[in-house]
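S.K.: My questions will all concern the structure given below.
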Amino acid sequence: MFTNPSPDQIRSLLQRVKTIAVVGLSPRPDRPSYRVSRAMQGFGYRIVPVRPAVAEILGEKAWARLSEIPFAVDMVDVFRAGDQIDPIVDECIALGVRHLWLQDGVINEAAAARAQAAGITVVMDRCVWRDYMDLAV
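Numbered according to my numbering, the sequence shown spans residues 73 to 209.
Have a look at this one:
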């Protein structure tokens, strides 16, 4: 059964991470993915949008897929339905991504276990912004 990292481990992760690729980042300011990403950007993180058919979000060039990003990212943050996580995990494993965050309501235990087995730290069904605030990162 999947277990999230401890609060201390999550705090440490958020202190180390600098660049976050956000899969499913909406260009619409009323969407949770936009609000969370804008807040994290305000805390000093570089947000890299991963969204097909969009040129730019939050002042950053958007990429259609993780594999198109021409530089390393520290963490992948996902705003997609749980049944859409498997191909994202496949891409993370292939790219050697070290940290994967599945936002509130994004649950896929089998995919999370597969990512963990590949050496990826996984946080599932938690909000990165709320954890940043709650853990006083």
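C-beta atoms are modelled at their ideal positions from N, C-alpha and C, and glycine is treated no differently.
Inspect the beta-carbon positions of Val145 and Leu174 and report whether they are closer than 9 Å.
M.R.: The residue labelled residue 145 in the question sits at position 73 within the sequence shown. The residue labelled residue 174 in the question sits at position 102 within the sequence shown. Their beta carbons are not under 9 Å apart, which means Val145 does not touch Leu174 by this criterion.
S.K.: Among all the DSSP beta bridges, which residues are the ones paired with Leu172?
M.R.: As a working note, residue 172 is residue 100 in the sequence shown. Paired residue(s): Val148, Val194.
S.K.: Short of 8 Å in beta carbon distance, which residues of its chain neighbour Arg152, apart from the five on each side in sequence? Order them along the chain.
M.R.: Your numbering for residue 152 matches position 80 in the sequence shown. Closer than 8 Å at Cβ, skipping near neighbours: Val95, Gly96, Ile160, Val178.
S.K.: Going by DSSP, name the residue or residues bridged to Thr91.
M.R.: Looking up residue 91 in the sequence shown gives position 19. For Thr91, which the question treats as bridged, DSSP gives the partners Arg118.
S.K.: Near Gly154, what residues of its chain come up, given a Cβ to Cβ distance below 6 Å and the 5 sequence neighbours on each side ignored?
M.R.: Translated into the one-based positions of the sequence shown, residue 154 becomes position 82. Excluding residues within five positions, the ones whose Cβ falls inside 6 Å are Val178, Ile179, Asn180.
S.K.: What does DSSP give as the partner residue(s) for Ile157 in the beta ladder?
M.R.: In the sequence shown, the residue the question calls residue 157 occupies position 85. According to DSSP, Ile157 bridges with nothing at all.
S.K.: Are Ala93 and Pro121 closer than 9 Å when you measure CB to CB?
M.R.: On the sequence shown, position 21 is the one that residue 93 refers to. On the sequence shown, position 49 is the one that residue 121 refers to. In contact: Ala93 and Pro121 (Cβ atoms closer than 9 Å).
S.K.: Does the distance from the C-beta atom of Arg123 to that of Ala136 stay below 9 Å?
M.R.: Looking up residue 123 in the sequence shown gives position 51. Looking up residue 136 in the sequence shown gives position 64. Taking 9 Å as the Cβ cut-off, Arg123 and Ala136 qualify as a contacting pair.
S.K.: Under 8 Å Cβ to Cβ from Leu85, same chain only, skipping five residues before and after it: list those, please.
M.R.: Residue 85 sits at position 13 when you count from the first residue of the sequence shown. Excluding residues within five positions, the ones whose Cβ falls inside 8 Å are Pro77, Met147, His171, Thr193, Val195.
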